[in-house]
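Reviewing the structure listed below.
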Amino acid sequence: MNFFKCGVAGWCLEVIFTSIDSIAAGDWRLMGRTSLLMFPIYGMGALLGPIGKITDRWVRDGSRGPGTELNSTDRAMRHGILYMVLIFVAEYVCGFWLRRRGICPWDYTGRHSSINGLIRLDFAPLWFMTGLLFEKITGFGRK
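Position in the sequence shown (first residue = 1) + 1028 = the numbering used here.
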């Protein structure tokens, strides 16, 4: 179920983002777009919460002694950065694989901070927030 929640949420976010981007192109109809291929890629966001939980156990929030557990802000920063990196890795790997088959729905070639046309580093804040959103909608954001 979480796979579907993340897939649909990702689609919605992409449509909203690309429709806002259309304003910059002078298209005030706010026509957003996505690809069916994006659903399973966004659906993989369901793995972020469990990875965050494993990381919390591995790093152990209270490793500095009793009463030193991370507060919610610090935990959100840790998870947001972790998720951002994982999303960049997934976007690059999926984009590379799809491009080799001639079906990659995105191409950032020539864009600011693009790496091989597959990821844009200036999207870091968006992926940070998207990762936390996926954690929240899948129920892993609860302590």
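Each residue gets a CB set at the ideal place from its N, CA and C atoms; glycine is no exception.
As assigned by DSSP and simplified to three states, the class of residue i
| i | result |
| --- | --- |
| R1148 | strand |
| N1099 | coil |
| W1056 | coil |
| L1065 | coil |
| D1049 | helix |
| Y1070 | helix |
| R1220 | Lying outside 1029 to 1171, the shown extent of the chain, residue 1220 is not represented and no answer is given. |
Beta bridge counterpart(s) of residue i as assigned by DSSP
| i | result |
| --- | --- |
| S1141 | Answer is none; S1141 lacks a bridge partner. |
Beta-carbon contacts of residue i that lie in its chain and below 6 Å, excluding the five residues immediately before and after
| i | result |
| --- | --- |
| K1176 | Outside the shown range of the chain (1029 to 1171) lies residue 1176, about which nothing can therefore be said. |
| R1132 | According to the sequence shown, residue 1132 is Cys rather than Arg. The answer, listed in chain order, is G1123 and L1126. |
Residue closest to residue i, alpha-carbon to alpha-carbon, out of the options
| i | options | result |
| --- | --- | --- |
| P1153 | G1123, A1118, M1105 and L1064 | M1105 |
| M1072 | R1127, R1129 and Y1111 | Y1111 |
| H1140 | W1134, R1148 and P1133 | R1148 |
| L1041 | M1029, S1100 and F1067 | F1067 |
| G1145 | F1168, I1109, S1050 and E1119 | E1119 |
| G1130 | L1065, I1069 and S1100 | L1065 |
Spatial distance of residue i from residue j (CA atoms)
| i | j | result |
| --- | --- | --- |
| C1034 | C1122 | 16 Å |
| T1137 | W1056 | 25 Å |
| G1054 | I1048 | 10 Å |
| L1075 | S1050 | 31 Å |
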